[in-house]
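Below is one structure, written out as structure tokens, with a few remarks after it.
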Amino acid sequence: MGHQIIIDDKNSGDFFYREAIKTLRANIQFAGRRRRVILITSVFSGEGKSDTTFHLAAEMAGAGKKVLMIDADIRNSMLVNRFGIEQSMAGLSEYLSGQVETEEEIIYSTNYDNLDIIIAGAYAPNPAEMLSDTPFEDLLKKEAEKYDYIFIDSPPLGQVIDAAMIAQFCNGAIMVIESGAVSYRAAQKVKEQLERTGCTILGVVLNRVERAGGTRYGGKYGGKYGKYGKYGKYGKYGEEKMKESAAETAGKEGQAG
Ligand SMILES: Nc1ncnc2c1ncn2[C@@H]1O[C@H](COP(=O)(O)OP(=O)(O)O)[C@@H](O)[C@H]1O
Ligand SMILES: [Mg+2]
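Listed below in structure tokens is the structure:
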């Protein structure tokens, strides 16, 4: 109890980025009372899901709402990667596998007022299974009563099925799309997958748009991420099906429509 994680946000973005996050926050607030458990996903990795999730959560918390951010990307945790949070801290995977008994043990307060987080936890071989099981559903139901908003970061739906599992228990989803990096067809496919779970798509964030005279913030991002490569640092895909569909969209990349 009373444990805290210090988040050091080194990349909060420029004025335009911060304004865009504010607009997104306002739009979510207008989406209504029932849209409070929200999934953030994308087609590929590196499109900006984790960035968007964190900045949106922090912005909403800054607006006085009680927010829980869940890092459900068990395959490739952003909190561990970006904020250097120790892998040894218990997180979602320990809770869902029953190694940790109560949710209090995995909910951490942060140095941001009103913002609590659940980190992904140690790598598990079966995240999709864990995330589709009742303990996760129950956890979300319970926390939805305590928090105004829950934002859930997830793996890319164009590569692994996890986000669709999570979507079943959410009442809204946001798709982050990296400008110019995703074909219409691949995005459409992920959109349909989300809709099939019954989760409403609240909006699409077009990330990394090149502004005239402006630069993309950060600028550290170089090279190509392993779009169609292995997902997660342990390189386990889990679902053959997803692998096939990712390969298929890879073949179409660059073609019109
Ligand atoms: N709009 C942006 N401009 C510049 N860099 C960005 C932008 N959005 C995200 N990034 C950076 O790109 C990298 C990948 O983003 P991340 O949020 O981790 O992607 P994902 O979670 O979808 O894999 C991170 O280093 C992040 O800081
Ligand atoms: Mg991420």
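Each residue of the sequence shown is one higher than the last, beginning at -2 in the working numbering.
All C-beta atoms, glycine included, are put in the ideal place defined by N, C-alpha and C.
Which same chain residues, not among the five before or five after residue i, have their C-beta less than 6 Å away from its C-beta?
i    : result
E91  : V97 and G118
D113 : L65, I104 and S106
G226 : Caution is warranted here: a pLDDT of 37 is assigned to G226, below 50, making its placement in the model unreliable, and the coordinate value is therefore given only provisionally. Contacts found: none.
Q165 : T194
Measuring alpha carbon to alpha carbon, tell me which residue in the options is nearest residue i.
i    : options                  : result
G177 : I163, A170 and V202      : V202
R22  : I147, E192 and A184      : I147
P132 : D113, Y120, N24 and I163 : I163
S47  : L89, D68 and R33         : D68
A121 : L93, A141, L137 and R30  : L93
D130 : G95, G88 and Y181        : G95
E192 : V179, Y181 and A160      : A160
E175 : G43, K188, L76 and G200  : G43
Buried or exposed: where does residue i fall if 16 or more other Cβ atoms within 10 Å of its Cβ makes it buried?
i    : result
H52  : buried
T99  : exposed
N204 : buried
F13  : exposed
S85  : exposed
E16  : exposed
Q1   : exposed
D135 : exposed
R30  : exposed
L126 : First, the residue type needs correcting, since residue 126 is Glu and not Leu in the sequence shown. When all chains shown are included, E126 counts as exposed.
G41  : For clarity, residue 41 is Phe in the given sequence; the question names Gly instead. Buried, by the Cβ-count rule.
N78  : exposed
Y218 : For Y218, the predicted model reports a pLDDT of 32, less than 50, meaning its position is unreliable; a value from the coordinates is still stated below. Flag for Y218 reads exposed.
Got a sec? Which residues, its chain only, sit under 7 Å from residue i by beta carbon, not counting five neighbours each side?
i    : result
K62  : N111, D145 and Y146
I4   : F80, T107, N108 and Y109
T50  : I37, M66, F148 and D150
K7   : none
L128 : A69, D159, M162 and I163
L137 : V34, I147 and F166
Check whether the Cβ of residue i lies closer than 8 Å to any heavy atom of ligand 1, and answer yes or no.
i    : result
V157 : no
R15  : no
V173 : yes
P132 : no
R79  : yes
S39  : yes
T20  : no
E102 : no
T177 : This sequence places Gly at residue 177; Thr is not what is there. No, since every heavy atom of ligand 1 falls outside the 8 Å radius drawn around the Cβ of G177.
E44  : yes
G10  : yes
Is residue i near ligand 3 - that is, is its Cβ less than 8 Å away from at least one heavy atom of it?
i    : result
P124 : Among the ligands modelled here, namely ligand 1 and ligand 2, ligand 3 does not occur.
CB-CB under 8 Å to residue i, same chain, minus the five flanking residues each way: which ones, in chain order?
i    : result
K139 : E100
P261 : As shown, the chain starts at -2 and ends at 254. That puts residue 261 outside it, with no answer to give.
With distances taken from each beta carbon to the nearest heavy atom of ligand 2, which residues come in below 7 Å, in chain order? S42, K46, S47, D70, N73, M75 and D150
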